[in-house]
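Asks:
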Amino acid sequence: MALALVWSDEAEEEFKDIIAYLLDEWGDESARRFSDRLDKKLTSLGSMPNMGKRHSRLKAVRSLPMPPFYTLYYSVVREQHIHILNLVDERKA
2 MALALVWSDE AEEEFKDIIA YLLDEWGDES ARRFSDRLDK KLTSLGSMPN MGKRHSRLKA
62 VRSLPMPPFY TLYYSVVREQ HIHILNLVDE RKA
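The opening residue of the sequence shown carries number 2 in my numbering; numbering runs sequentially from there.
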């Protein structure tokens, strides 16, 4: 059974910002492709919550790359749900 996904406010804002940027700079198709790729990644994550790489210092945090520029950070909460912490543009990190 897949775990539920719970987005932090910060992650939701970052997602909205990414979509707005893609729409403005690259158009509807680019924004849709990114959203579709993220949706597929999240579907897999719900079924395989430990698929991400464990953070070197924060053991409860895992990361999944979203090529070419983004990384999704999340934690599994008591094997009950997945908390999406942030979606980071690695070019700004």
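We treat Cβ as the ideally placed atom computed from N, Cα and C, and that holds for glycine.
1. For the putative contact between leucine 65 and lysine 42, defined by C-beta atoms under 8 Å, what is the C-beta separation to the nearest angstrom?
2. From the DSSP output, in three-state form, read off alanine 3 for me.
3. Around the C-beta of arginine 63, are 16 or more other C-beta atoms found within 10 angstroms, so that it is buried, or is it exposed?
4. Have a look at Arg92, Gly53, Ser45, Ser36 and flag the residue whose alpha-carbon is nearest the alpha-carbon of glutamate 13.
5. Consult DSSP for arginine 58 and reduce its assignment to one of helix, strand or coil.
6. Is the beta carbon of isoleucine 83 sitting closer than 9 Å to the one on leucine 23?
Replies: Let me spell this out:
1. Indexing the sequence shown from 1 puts residue 65 at position 64. Indexing the sequence shown from 1 puts residue 42 at position 41. Leucine 65 to lysine 42, Cβ: 6 Å. Contact.
2. Within the sequence shown, numbered from 1, the residue matching residue 3 stands at position 2. Note: alanine 3 maps to coil in three-state DSSP.
3. For the purposes of this step, residue 63 is taken as the residue at position 62 of the sequence shown. Buried, because 16 or more other Cβ atoms sit within 10 Å of the Cβ of arginine 63.
4. Position 12 of the sequence shown, counted from the first residue, corresponds to residue 13. Of the listed residues, the one whose Cα sits closest to glutamate 13 is Ser36.
5. Position 57 of the sequence shown, counting from 1, holds the residue named residue 58. Arginine 58: coil per DSSP, three-state reduction.
6. Reading the sequence shown from its first residue, position 82 is the one you call residue 83. Reading the sequence shown from its first residue, position 22 is the one you call residue 23. Contact flag unset, no.
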